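The UniProt record's numbering numbers the first residue of the sequence shown as 1 and each following residue consecutively.
The next block holds one structure in the form of structure tokens; read it before the comments.
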Amino acid sequence: MSLEIRILVRLFQPPFKKSPKFLHDDDDAGNDLGFKPQLNLEGYVLGNPITDIEFEKNQRIPYAHAMGLLSNELYESLKKSCKGN
Numbered sequence: 001m002s003l004e005i006r007i008l009v010r011l012f013q014p015p016f017k018k019s020p021k022f023l024h025d026d027d028d029a030g031n032d033l034g035f036k037p038q039l040n041l042e043g044y045v046l047g048n049p050i051t052d053i054e055f056e057k058n059q060r061i062p063y064a065h066a067m068g069l070l071s072n073e074l075y076e077s078l079k080k081s082c083k084g085n
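Take a look at the structure:
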């Protein structure tokens, strides 16, 4: 366990030992390298996550349409041009 993690644990452990621990990040916060966490976290919160980049790329047009940024006509035209992708 890194020195920073040990200091953080010692600093917050006594008053919050029985409280669940959560990790929060507001960026692309994946575990791409597959490292095992050094803390027992109860969960995590992601502010702007990317979970499946190919799926999310294909959702930009439907999202813009759902938010009223694209007209129905433009949306249907884009959908036809992209063959549903």
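Note that beta-carbon positions come from the ideal geometry of N, C-alpha and C, so glycine has one too.
If you're wondering where the values come from, they're calculated on a predicted model, not measured in any experiment.
Take residue i as the anchor and find which of the options has the nearest alpha-carbon.
| i | options | result |
| --- | --- | --- |
| F55 | L74, N85, Y75, A66 | N85 |
| residue 111 | M67, L8, P62 | Residue 111 lies beyond the residue range present for the chain, which begins at 1 and ends at 85; the question has no answer from this structure. |
| H65 | Y75, K57, N58 | Y75 |
If you reduce the DSSP assignment to three classes, tell me which class residue i lands in.
| i | result |
| --- | --- |
| L70 | coil |
| K57 | helix |
| K80 | helix |
| I50 | coil |
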